[in-house]
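One structure is given here, and the rest of the page talks about it.
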Amino acid sequence: MTSHRPRPTNPAPDAAVRKRRARLFAGAVAAAVLTAPLTACQPKSQFTIHNNTHERLVISHLVLDRPGAEPIRYPGGSIPPGKANIWAIRLGSDGDCATQYQLIATAPSGRTYTYGPPVCTGGSWTITDTPAPTGT
53 MTSHRPRPTN PAPDAAVRKR RARLFAGAVA AAVLTAPLTA CQPKSQFTIH NNTHERLVIS
113 HLVLDRPGAE PIRYPGGSIP PGKANIWAIR LGSDGDCATQ YQLIATAPSG RTYTYGPPVC
173 TGGSWTITDT PAPTGT
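Under our numbering, the first residue of the sequence shown carries the number 53, and numbering increases by one thereafter.
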């Protein structure tokens, strides 16, 4: 018959392990405290585009302060009819508005719609087939 010694279940960590855990926890708390104010004040750089036309629209933007620049298509940048997408926009030194950007929506029929400048964060653009009413 062999003798079995009972194994300790969940032994208490020694002082060095407790110290290491305390330092890791303190570091995590410090990182969270320091980064929270930085992320809380970030501007919401989003712009919503609603497609109320009967065609799929390809979305691009043009940087107006670059002479000879070509429109840049947004990755995955198309909106089906009757849908909306939220796009990220880069802000310049203008704060919440990008005064150097113009948004362009192009339909397969060749019809082109433009918006801006300026393009402001939190804004939206509803594109329709019918022209906007003129003054009365």
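Glycine residues also receive a C-beta, built at the ideal position from the N, C-alpha and C atoms.
Quick caveat, the model's predicted, so the values are computed rather than measured.
Take tyrosine 167 and list the residues in its own chain whose beta-carbon comes closer than 6 Å to its own, dropping the five residues that flank it on each side.
Taken in chain order, the residues that qualify are Leu155 and Trp177.
For a minimum of 3 consecutive residues, which ranges assigned as the beta strand (DSSP E) are wholly contained in the region 147-173?
With a minimum length of 3 residues, the unbroken runs of beta strand (DSSP E) contained wholly in the region 147-173 fall at 153-158 and 164-167.
Just to confirm my understanding: we take threonine 100, look at its own chain, exclude 5 residues before and 5 after, and list those with CB closer than 7 Å. What are they?
The residues are Ala136, Ile138 and Ser176.
Please list, in chain order, all residues of the same chain as arginine 163 whose beta carbon is under 6 Å from its beta carbon, the five residues on each side excluded.
Around arginine 163: no qualifying Cβ.
According to DSSP, which residues form a beta bridge with isoleucine 131?
Residue pairing for isoleucine 131: DSSP places it in a beta bridge opposite Leu109.
Sort Gly174, Gly120 and Leu116 by Cα distance to isoleucine 141 and report the nearest one.
Per the Cα distances, Gly174.
For a quick check, are the C-beta atoms of leucine 116 and proline 123 less than 8 Å apart?
It is not a contact, given that the beta carbons lie outside the stated cut-off.
Which residues in the same chain as alanine 121 place their Cβ atom closer than 8 Å to its Cβ, once the five residues preceding and following it in sequence are excluded?
Spatial neighbours of alanine 121 in its own chain (CB-CB distance under 8 Å, excluding positions within 5 residues in sequence) are listed in chain order as Leu114 and Val115.
Residue interval of the beta strand (DSSP E) (run including serine 176)
It spans 176-180 - the beta strand (DSSP E) in which serine 176 sits, taken as one unbroken run.
How many whole angstroms separate the CB atoms of isoleucine 111 and glycine 134, which I take to be in contact at a CB cut-off of 8 Å?
Not really, about 15 Å apart at Cβ, beyond 8 Å.
Classify glutamine 98: buried if its beta carbon has 16 or more other beta carbons within 10 angstroms, exposed otherwise.
The residue is exposed, with fewer than 16 neighbouring Cβ atoms inside 10 Å.
Output the distance between the C-alpha atoms of proline 127 and serine 161, rounded to the nearest integer angstrom.
Between proline 127 and serine 161, the alpha-carbon positions lie close to 21 Å from each other.
Would you report the Cα separation of alanine 17 and leucine 76, rounded to the nearest angstrom?
Here the chain covers residues 53 to 188 and nothing more, so residue 17 does not appear.
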